[in-house]
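Notes to accompany the following structure.
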């Protein structure tokens, strides 16, 4: 089969198209899936540049997100049969093969039936961002109806899914974007207050639209100075959930303490990194709930770039250039 291998740590040139054997089923509970597409995420570019989790297992197939058709099943598989269309977040961090390939294998418990009204290829764009947004908003922030949330980079991969999920939960939506095109996208996704962070002070704008109180929840997908300034945009006793590990200086800690903020972090890869079976099953159930929302037309995923598998390096370059809208997928046909 054809696969993209990260042959070493480094730039996009380390992503090489190779012919390798089709993977065998690792256990009686595994499926082999003929992939239709793989989602490309910022974490893929970071793991290419610095294989943080399994640096001793290169070359490796990257790509956590995938969707395809079940091609073979182990003799103890009960949840799926050959021919089923599935989507999942599995592999791609070095411990087991990812999805930049024509075939992959995964445990049946980590796999969900794809949304019936979403194409097989587009389904590959959804798993990581859906699980990330769900864990951040539902499990970390406990976002409630009528609460107000500030979502940074709301037109990005995670951001535009989080925006839709927050709307589904009944929250009031304050968002940041960087240009008019992105503003148009988030307006169509029911954002109540749109802030162009390049032209406006997002802290001031957030306080102005909340009568000086601040939002109940901040969802930070940017990190750095944006995260630190967001401590002033949350209400007293509010919550700030971030996808990034931004160092806090003493003054930042004191500010968060003074404002009684709940600071949370979201890394959806934790169950896979730490090999937590029950947590991975829980994440699969999030995919099942997400599929219901897609089928009810309350959630969608915007795919802005569809590249053939052999252009994985170009996909990484696009992400690293910044300013992405929606998602990128690699297609296998």
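Residue numbers (UniProt numbering): 1 to 333. Quick reminder that beta carbons are idealized off the backbone N, C-alpha and C, glycines included.
**Message:** Tell me whether the segment 294-306 and the segment 162-171 touch, counting them as touching only if at least three CB pairs, one residue from each stretch, are closer than 8 angstroms.
**Reply:** yes
**Straight-line gap, residue 243 to residue 179 (C-alpha atoms, nearest Å)** = 22 angstroms
**Request:** Report the option in 62, 37, 172 and 279 whose CA atom is closest to the CA atom of residue 8.
**Result:** 62
**Prompt:** What is the C-beta distance between residue 124 and residue 87, in whole angstroms, given that I count them as a contact (C-beta under 8 angstroms)?
**Reply:** 6 angstroms
**Prompt:** Taking Cβ to Cβ, would you say residue 264 is nearer than 9 angstroms to residue 240?
**Reply:** yes
**Asked** How do the segment 231-238 and the segment 208-223 stand: do at least 3 beta-carbon pairs fall below 8 angstroms, yes or no?
**Response** yes
**Request:** Could you name the residues of the same chain whose beta carbon sits closer than 8 angstroms to that of residue 143, not counting the 5 residues immediately before and after it, in chain order?
**Result:** 137, 149, 166, 169, 171, 216 and 217
**Distance, residue 258 Cα to residue 14 Cα** = 47 angstroms
**Request:** Counting only the same chain and skipping the five closest in sequence on each side, list residues whose C-beta sits under 6 angstroms from that of residue 116.
**Result:** 295
**Asked** In three-state DSSP terms, what is residue 301?
**Response** coil
**Request:** Pull up the DSSP beta-bridge partners for residue 193, would you.
**Result:** 174
**Item:** Simplified DSSP assignment, three categories, for residue 186
**Value:** helix
**Prompt:** For the alpha helix (DSSP H) that residue 317 lies in, which residues bound it at each end?
**Reply:** 312-321
**Through-space distance from residue 22 to residue 335, alpha-carbon basis** = Outside the shown range of the chain, which is 1 to 333, sits residue 335, and nothing can be said about it.
**Prompt:** What residue range is occupied by the uninterrupted alpha helix (DSSP H) comprising residue 209?
**Reply:** 202-209
**Request:** Please determine, among 157, 105, 28 and 184, the residue with the shortest C-alpha to C-alpha distance to residue 126.
**Result:** 157
**Asked** Exposed or buried, which one is residue 225 when buried takes at least 16 other CB atoms within 10 Å?
**Response** exposed
**Which listed residue (89, 35 and 97) has its alpha carbon closest to that of residue 72** = 35
**Request:** Find the nearest neighbour of residue 223 within the set 232, 233 and 247, judged by alpha-carbon distance.
**Result:** 247
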